[in-house]
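A quick write-up on the structure given underneath.
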Ligand code: PPS
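Residue numbers (this note's numbering): 5 to 305.
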């Protein structure tokens, strides 16, 4: 499919957005959540697809396995605010999901979440990823996703990320806004990409306990195996290779899936400037992101 030129960023209720995420604004805001809906909320490129697939497997892996091989993840877990007449309407998909629960994805900052999700006390899973890996992933995504504004060169992109001038706005505001919400809204489970990478089994247990699920050990083993990076990368139903908006000639959606890849991108000067700026913006000592984890397989070699 032919895409129009890349979209422009514009300020929308104080947050930079593109029209792909605002065209259906009224319908998104008036979306009628149901009490058993589960919302997956993330800043873009935090590992949304990873958690989406885990939830999908937990709820439907045993009961409707045919879904897994016939319907792409972006249709099984609709992206609520994404809408364009010629290729996708997250609201339509979500409204017509035949499943119960309905699992729905959003990148909206907390203040933009449709009010019915709060009124229905829906379960919300938030996944955060450290800013340095997040910006690297977002930069590369911009190169291959044709509905992203042109990311330009790495140095200018990094600056714009630090200023919050990217789609869905400031990473700093996003992770902090959701973290603060957790203090007053108990049906919110806040997870970290780095912890998932370090110990997926432990995070799966915590997630199941939040959701009130108790899968068998065998089922959990199956899920952990299914959602390993390489397995997801080779699975056309979750790796976005069927998505018309992405150009896989430039890059794969499942790019590297690592903690610490930022070290291959940041110069020493960029890193120093980033750290200084980070300290000024991330004042809450209770919210901590790790930019590296110990790879025990390597450590003991
Ligand atoms: S999106 O477009 O915002 O929905 O993208 P999102 O799914 O949030 O993030 C994509 C990044 O997550 C990585 N990913 C994984 N990492 C580890 N394990 C698994 N299973 C996994 N699945 C997806 C994906 O590779 C992107 O990160 P980068 O760093 O670019 O590789």
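Glycine included, every Cβ here is placed at the ideal spot set by N, Cα and C.
Residue i Cβ short of 7 Å to the ligand PPS heavy atom set
i           : result
residue 137 : yes
residue 66  : no
residue 50  : yes
residue 17  : no
residue 308 : Residue 308 lies beyond the residue range present for the chain, which begins at 5 and ends at 305; the question has no answer from this structure.
residue 226 : no
residue 236 : yes
residue 232 : yes
residue 141 : yes
residue 178 : no
residue 258 : yes
residue 54  : yes
residue 265 : yes
residue 186 : no
residue 206 : no
Residues of its chain near residue i, where Cβ-Cβ distance is below 7 Å and the 5 sequence neighbours each way are ignored
i           : result
residue 294 : 134, 198
residue 23  : 11
residue 114 : 181, 182, 185
residue 3   : Within the shown structure, residues of the chain are numbered from 5 to 305, placing residue 3 beyond reach of any answer.
residue 94  : 82, 83, 84, 85, 86, 87
residue 26  : 16
Nonlocal neighbours in the same chain, by C-beta distance under 8 Å from residue i, ignoring five residues either side
i           : result
residue 124 : 37, 38, 39, 41
**Request:** Would you be able to state if there are at least three C-beta pairs under 8 Å between the segment 101 to 110 and the segment 13 to 30?
**Result:** Touching, no, given that fewer than three Cβ pairs across the two stretches are closer than 8 Å.
**Request:** Please confirm if the segment 211 to 219 is in contact with the segment 148 to 162, defined as three or more CB-CB distances below 8 Å between the two stretches.
**Result:** Two segments are said to touch when three or more pairs of C-beta atoms, one from each, lie closer than 8 Å; by this definition the segment 211 to 219 does not touch the segment 148 to 162.
**Item:** Inside the segment 35 to 106 only - beta strand (DSSP E) runs reaching at least 3 residues
**Value:** Listed in chain order, they are 42 to 46.
**Request:** Go through the segment 119 to 149 residue by residue and report every complete run of the beta strand (DSSP E) that reaches 3 residues or more, in order.
**Result:** Entirely contained in the segment 119 to 149, the beta strand (DSSP E) runs reaching 3 residues are, in chain order, 127 to 132.
**Item:** the segment 229 to 237 contacting the segment 255 to 268, beta-carbon criterion three pairs below 8 Å
**Value:** By the criterion of at least three beta-carbon pairs nearer than 8 Å, the segment 229 to 237 is in contact with the segment 255 to 268.
**Message:** So within the segment 236 to 296, which uninterrupted alpha helix (DSSP H) runs reach at least 4 residues, ignoring any that extend past its ends?
**Reply:** Within the segment 236 to 296, the runs of alpha helix (DSSP H) at least 4 residues long that lie entirely inside it are, in chain order, 272 to 285.
**Item:** Any 3 or more C-beta pairs closer than 8 Å across the segment 268 to 281 and the segment 94 to 105
**Value:** Short answer: they don't touch.
**Message:** Three Cβ pairs or more, each shorter than 8 Å: is that satisfied between the segment 143 to 151 and the segment 70 to 79?
**Reply:** The segment 143 to 151, when compared against the segment 70 to 79, does not touch it at the 8 Å Cβ threshold.
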